[in-house]
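Scroll down for the structure; my scribbles are underneath it.
There are 2 protein chains.
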Amino acid sequence: MNLKRLAEELGLSQTTVSRALNGYPEVSEATRKRVEEAARRYNYRPNSRAKGLATGRAMVIGQVIPTSVQHEMVNPIFGDFVAGASQTFSRYGYDMMFSRVPDVDESDIYREYRARGAVDAVILQGPLVNDQRIPLLNRIGLPFIVHGRSTGITEPYAFVDVNNTRAFQHATEFLVHLGHRRIALINGLEGMDFAQRRRAGYEAALKAAGIPVDPALMRSDEMTEYFGYRETRALLAQEDPPTAIMAASMIAALGVRRAIEETGLTMGRDVSVITHDDDLSYLKNGQDVPIFTAIRSSVRKAGEILAQCLVDQINAPDAPPEQRMLEADLLVGRSTGPAPQRT
Amino acid sequence: MNLKRLAEELGLSQTTVSRALNGYPEVSEATRKRVEEAARRYNYRPNSRAKGLATGRAMVIGQVIPTSVQHEMVNPIFGDFVAGASQTFSRYGYDMMFSRVPDVDESDIYREYRARGAVDAVILQGPLVNDQRIPLLNRIGLPFIVHGRSTGITEPYAFVDVNNTRAFQHATEFLVHLGHRRIALINGLEGMDFAQRRRAGYEAALKAAGIPVDPALMRSDEMTEYFGYRETRALLAQEDPPTAIMAASMIAALGVRRAIEETGLTMGRDVSVITHDDDLSYLKNGQDVPIFTAIRSSVRKAGEILAQCLVDQINAPDAPPEQRMLEADLLVGRSTGPAPQRT
DNA sequence: TTGAAAGCGCTACCAA
DNA sequence: TTGGTAGCGCTTTCAA
Chain A
-13 MNLKRLAEEL
-3 GLSQTTVSRA
7 LNGYPEVSEA
17 TRKRVEEAAR
27 RYNYRPNSRA
37 KGLATGRAMV
47 IGQVIPTSVQ
57 HEMVNPIFGD
67 FVAGASQTFS
77 RYGYDMMFSR
87 VPDVDESDIY
97 REYRARGAVD
107 AVILQGPLVN
117 DQRIPLLNRI
127 GLPFIVHGRS
137 TGITEPYAFV
147 DVNNTRAFQH
157 ATEFLVHLGH
167 RRIALINGLE
177 GMDFAQRRRA
187 GYEAALKAAG
197 IPVDPALMRS
207 DEMTEYFGYR
217 ETRALLAQED
227 PPTAIMAASM
237 IAALGVRRAI
247 EETGLTMGRD
257 VSVITHDDDL
267 SYLKNGQDVP
277 IFTAIRSSVR
287 KAGEILAQCL
297 VDQINAPDAP
307 PEQRMLEADL
317 LVGRSTGPAP
327 QRT
Chain B
-13 MNLKRLAEEL
-3 GLSQTTVSRA
7 LNGYPEVSEA
17 TRKRVEEAAR
27 RYNYRPNSRA
37 KGLATGRAMV
47 IGQVIPTSVQ
57 HEMVNPIFGD
67 FVAGASQTFS
77 RYGYDMMFSR
87 VPDVDESDIY
97 REYRARGAVD
107 AVILQGPLVN
117 DQRIPLLNRI
127 GLPFIVHGRS
137 TGITEPYAFV
147 DVNNTRAFQH
157 ATEFLVHLGH
167 RRIALINGLE
177 GMDFAQRRRA
187 GYEAALKAAG
197 IPVDPALMRS
207 DEMTEYFGYR
217 ETRALLAQED
227 PPTAIMAASM
237 IAALGVRRAI
247 EETGLTMGRD
257 VSVITHDDDL
267 SYLKNGQDVP
277 IFTAIRSSVR
287 KAGEILAQCL
297 VDQINAPDAP
307 PEQRMLEADL
317 LVGRSTGPAP
327 QRT
């Protein structure tokens, strides 16, 4: 069923039917009723492409997934983010679209999105330090919002980010407070903006406590299970091994745990760990929530908020870009104990 | 830049330019060269909506995400599946679209997809036993493929599934072989097709070994961390507790581990566990691969295969539906040991 | 080998 | 309050 046939059935013009269905005020109540009833009866839905062609709006939000395996998409919490975002988007009639492209072509796809008119806006995931996609998107005039931020980019852009610096500063302070002085940091790739911020928080807390920052305790790579495993083994085999480890990813944390256990040590006694591992409880409002559940629900929330910001931006393109900071909760539990006495 | 302007610039008709760009044979080589060069220069991309309107194809694959929190989307390996699928899709020029809908409206969205012409085909996730979405999709003529199968549906449909029955049968046999006779099964919701198949494999192995199937050892619910935790505590507190536990989900397994540790037992010694937990090694071709990595890569592969089947189906709509079975590897590792002696 | 023109299904302007 | 009609940007006959 299309508009033309529906109009014929009703003995009305396409114009009137379209207006009735789109809530225009100049349609008589009687006509509108009749039209709506018929539309329901014939299960009529306007064709998206025709509508989009006529209005210039796609009602689709794009998201680009670089091909390289270890990126966002394969992060297990990515699904939660998408679930949150798409919930908000669907309330406003937007669908989400994913395009997978080879890393090298990533900037091409944005031009293509723009030229093809395939999407109304895009979400930028996993921003790098000084991420050139931001100026690019501004230049080609494709509305976007960044999930995270990008140090070094001075032009304005909208983002929703978690206060990574503060979270890692607090976590480090907490470990220092427990008596730890050899605290390792298993971090993401240095090029990732969040990784730099996390390191900054970690270093700030150490400096404030008068503890020297030791490069031998800091590791940085793509956050895989193996990375966490390999570096934890190496850290624990060192001359003066860490008494605490902060792992910046749930995936890497799996490897951290395994390495500790294989070394014959006990988490929370011989080595403290602050991470997203399940072994941790989640202290939030004094409640003990399974950690994985908690993280996933907050990521989901972030998705909802980000989507709302993007919708607002699309509807008010001239407003200054929204920039939202979310606070991360401190992740502490059974695996985090006082520093062991060493002789 | 659009076709009309491009044609004007070239002093050609839209028809010729279109033909040149779409590889029609009747265009002279010289003209094609000239057109392609100009298209590149002006960074011309055909408008998706206009093209779709004219051709009747959307070049988009839909996926519906029910609103209920615990569904597929929030399964941490969902992202891997999507990554695999979208890689294949993008090779054929398809994008993936996600629509989030309240559970009650789930069948509406398919009619809407069809009516709106928003997608060319859909992927059906998490099929139930006797899933009525399958006859619905057949009825409305929207091409689809099921990730999994649906017992009780007799009409033909395409699917890609993992042999859950065999995987759980093998796993159970393996535990029996190690001397276990009290083997618990922590399973997904009974309504889910895969849950029934897993249980069938489990029961078949027990029966073959002459071990009675004990309902007190079988738990079924949405696979959350808490579910795994709660039921494992309960199982271990029973009169005659299990010596082995099979957990059918990575998430639930987090809770299983926690419950075992809190009970003061040791995995692999007091209780054997077969699951997707990180503690396990992954025996595959004799190699020791981190379990999480292994699972995720095979899910990714499943996504690629499924996407290929769907593309084939779109291009040859009259061919019989493809039905692919993938074998699951047995997940066994450090947490799986011989049955403890009980007096 | 090229071009003119009729749609695809809808919105939005202008007229009635 | 309603209708006629000109696009939106493309593909695809049909004609030349």
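Order-wise, the sequence lines are chains A and B.
Going by our numbering, the first residue of the first sequence is number -13, and it counts up by one from there.
Going by our numbering, the first residue of the second sequence is number -13, and it counts up by one from there.
Using N, Cα and C, we set each Cβ at its ideal position, and we do this for glycine too.
For clarity, every value in this text was computed on a predicted model and none was experimentally measured.
- Asp106 (chain A) places its beta carbon less than 9 Å from that of Arg43 (chain A).
- Taking all protein chains in view, the Cβ of His156 (chain B) is crowded by 16 or more other Cβ atoms within 10 Å, so the residue is classified as buried.
- Taking the Cβ atoms as the reference, Phe84 (chain A) lies roughly 13 Å from Leu110 (chain A), outside the contact range of under 8 Å.
- Under the criterion of beta carbons closer than 8 Å, Ala69 (chain A) and Arg244 (chain A) do not qualify as touching, at roughly 29 Å.
- If you draw a straight line from the Cα of Leu123 (chain A) to the Cα of Ala288 (chain B), it comes to about 34 Å.
- Shown here, Met253 (chain B) sits in a strand according to DSSP, grouped into three states.
- Gly250 (chain B) has a beta carbon lying at 9 Å or more from every beta carbon in chain A.
- When secondary structure is reduced to three states using DSSP, Met82 (chain A) falls in the strand class.
- Distance from the CA of Ile47 (chain B) to the CA of Val108 (chain B), rounded to the nearest whole angstrom, comes to 5 Å.
- Cβ neighbours of Tyr99 (chain B) within its own chain (closer than 7 Å, five residues either side excluded): Gly48, Val105, Val108, Leu128.
- Sequence-ordered contacts of the stretch 29 to 41 of chain A with chain B read Asn29, Tyr30, Arg31, Pro32, Asn33, Ser34, Arg35, Ala36, Gly38, Leu39 [C-beta pairs closer than 8 Å].
- Burial is judged here by how many other beta carbons sit within 10 angstroms of a residue's own beta carbon; Gly(-3) (chain A) has fewer than 16 and is exposed.
- Within the same chain, and ignoring the five residues on either side of Leu251 (chain B) in sequence, the residues whose Cβ sits closer than 6 Å to its Cβ are Val257.
- Residues of chain A whose Cβ lies closer than 8 Å to the Cβ of Ser76 (chain B) are, in chain order, Ser85, Arg86, Val87.
- The Cβ neighbour count for Gln73 (chain B), taken over all protein chains shown within 10 Å, is at least 16; the residue is labelled buried.
- Taking the beta carbon of Glu98 (chain B) as reference, the chain A residues within 8 Å of it are Arg31, listed in sequence order.
- Rounded to whole angstroms, Ala195 (chain B) and Ile172 (chain B) show a C-alpha spacing of 20 Å.
- Within chain A, the residues placing a beta-carbon under 7 Å from that of Ser72 (chain B) are Ile51, Phe84, Arg86, ordered along the chain.
- Using a Cβ distance threshold of 9 Å, Arg310 (chain A) and Asp66 (chain A) do not count as a contacting pair.
- Taking 9 Å as the threshold, the shortest C-beta distance from Phe64 (chain A) to chain B falls below it.
- Taking the Cα positions, Glu141 (chain A) is about 12 Å away from Arg135 (chain A).
- With fewer than three CB-CB distances shorter than 8 Å, the stretch 4 to 15 of chain B does not count as touching the stretch 10 to 24 of chain A.
- At a C-beta separation below 9 Å, Arg102 (chain B) has these neighbours in chain A: Arg31, Pro32, Asn33, Ser34, Arg35, Lys37.
- None of the residues of the stretch 158 to 180 of chain B has a beta carbon lying less than 9 Å from any beta carbon of chain A.
- For Asn150 (chain B), the uninterrupted alpha helix (DSSP H) run begins and ends at 150 to 163, by DSSP.
- Here the stretch 229 to 240 of chain B lies against the stretch 201 to 212 of chain B, with 3 or more beta-carbon pairs under 8 Å apart.
- Taking a C-beta distance under 9 Å as the contact criterion, Ala101 (chain B) and Arg77 (chain A) do not qualify as a contact pair.
- In this model, Ala325 (chain A) and Gly138 (chain B) are separated by some 59 Å (Cα to Cα).
- Distance between Ile126 (chain B) and Ile120 (chain B), taken at the CA atoms: about 10 Å.
- Per DSSP, reduced to three states, the secondary structure at Met311 (chain B) is strand.
- Interface criterion met: the Cβ of Val68 (chain A) is under 9 Å from a Cβ in chain B.
- Scanning chain B for C-beta atoms nearer than 7 Å to the C-beta of Asp81 (chain A) yields Met83, Phe84, Ser85, reported in chain order.
- Check the Cα spacing between Ala239 (chain A) and each of A:Arg183, A:Tyr215, A:Glu290: the tightest is with A:Tyr215.
- By a beta-carbon distance limit of 8 Å, Arg168 (chain B) does not contact Pro88 (chain B). Their separation comes to about 42 Å.
- Pairing Ser283 (chain A) with Ala191 (chain A), the inter-Cα distance amounts to about 28 Å.
- Each residue's CA atom was taken as its position, placing Leu222 (chain B) and Ile51 (chain A) some 44 Å apart.
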